[in-house]
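Shown next, in structure tokens, is the structure this report addresses.
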Amino acid sequence: MLQLSVLKEQTERVLAGLAKRNFKTAAADVQAVLDLDQRRRALQTQHDTAQAEANDLARQIGGLMKSGDKAGAETLKARTSELKTQIKGHADELADIEQQQTQLLYKIPNVPHESVPAGRSAEDNEVVREGGHKPELPAGAQPHWELIKKYDIIDFELGIKITGAGFPVYKGQGARLQRALINFFLDQARDAGYTEVQPPILVNEASGYGTGQLPDKEGQMYH
Numbered sequence: 191m192l193q194l195s196v197l198k199e200q201t202e203r204v205l206a207g208l209a210k211r212n213f214k215t216a217a218a219d220v221q222a223v224l225d226l227d228q229r230r231r232a233l234q235t236q237h238d239t240a241q242a243e244a245n246d247l248a249r250q251i252g253g254l255m256k257s258g259d260k261a262g263a264e265t266l267k268a269r270t271s272e273l274k275t276q277i278k279g280h281a282d283e284l285a286d287i288e289q290q291q292t293q294l295l296y297k298i299p300n301v302p303h304e305s306v307p308a309g310r311s312a313e314d315n316e317v318v319r320e321g322g323h324k325p326e327l328p329a330g331a332q333p334h335w336e337l338i339k340k341y342d343i344i345d346f347e348l349g350i351k352i353t354g355a356g357f358p359v360y361k362g363q364g365a366r367l368q369r370a371l372i373n374f375f376l377d378q379a380r381d382a383g384y385t386e387v388q389p390p391i392l393v394n395e396a397s398g399y400g401t402g403q404l405p406d407k408e409g410q411m412y413h
């Protein structure tokens, strides 16, 4: 989530970055956040002023009660009651503004690095550098999708029926290969000094927001 200070201090850079990501509501969302911030700061000033006056009146009321001026104290109490109503209204409105602002900030994606080219698809990607030797397959070599069918190791159609596009079902030697690859890379990471972690399968709402899965992917989740 972008920090409010970044939106305020680097507005143009943020908008330019969001344009690269083709985030259509960027200008409206950023402006809405900034407008809410102005409202919040103005309301916070009113809240603090009313609270300071209420605190001052409380001290005055205490002094009047000690001196026996109950009539004067009652007059100030009436004003204090008005201030309490104002302060509660300010606090409720501030909470509402902060909630709106937080939801908007979660909606706005991170900004790509300046070196990232603008584009709408993989066709717009730019090759920055290449390394190593590209192997050339011998004549008659079969592509992986043909090998998958030949050895019957992945079932894409069943995956679509169970979950949807992009979720294949690995079976037989394909399932064994998948498991072996997972173990291989876990071992590589461990040998490189990383600590293996097996987190819970389910997460709470705060974790969903913290990892950027919420709020935009809420419709894809079970809860």
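The opening residue of the sequence shown carries number 191 in the numbering used here; numbering runs sequentially from there. Each residue gets a CB set at the ideal place from its N, CA and C atoms; glycine is no exception.
By the neighbour-count definition (other C-beta atoms within 10 Å, threshold 16), ILE391 is an exposed residue. Short of 7 Å from the beta carbon of ALA244, and not among the five residues preceding or following it, lie these beta carbons of its own chain, in chain order: THR270, LEU273, LYS274, ILE277. For the options GLN363, ASP345, ALA365, ARG366, the alpha carbon positioned closest to that of GLY356 is the one of ASP345. If the five residues before and after GLN289 are omitted, its C-beta is found closer than 8 Å to no C-beta atom of its own chain. For the pair of segments examined, the stretch 208-216 was found to touch the stretch 304-313: the number of CB pairs separated by less than 8 Å reaches three. Its chain contains GLY207, LYS210, ARG211 as the residues whose beta carbon lies nearer than 8 Å to that of PRO302, once the 5 sequence neighbours on both sides are disregarded; these appear in chain order.
GLN363 is a Cβ neighbour of ILE343, given a cutoff of 8 Å.
If you ignore the 5 residues before and after LYS267, its C-beta comes within less than 7 Å of the C-beta of ILE251, all in its own chain and listed in chain order. For the stretch 203-269, the continuous alpha helix (DSSP H) assignments of 4+ residues that do not extend past its boundaries occur at 216-257, in sequence order. Listed in chain order, the non-local C-beta contacts of LEU404 below 6 Å within the same chain comprise GLY398, local neighbours out to five positions each way being set aside. Under DSSP, ASP345 takes part in a beta bridge, and its partners are VAL359. GLY409 and GLY322 have their C-alpha atoms roughly 42 Å apart. Counting only the Cα atoms, MET191 lies some 6 Å from ASN300.
The continuous alpha helix (DSSP H) containing TYR399 extends over residues 395-400. DSSP, read as helix, strand or coil, puts LYS407 in coil. Collapsing the DSSP output to three states places SER195 in a helix. The beta carbon of SER195 sits closer than 8 Å to no other beta carbon from its chain once the five residues preceding and following it are set aside. Listed in chain order, the non-local C-beta contacts of GLN368 below 7 Å within the same chain comprise TYR360, local neighbours out to five positions each way being set aside. Annotated as proximal: LEU284 and HIS237, with beta-carbon spacing under 8 Å. For ALA248, the CB contacts under 8 Å within the same chain, skipping 5 residues up- and downstream, are THR270 in chain order.
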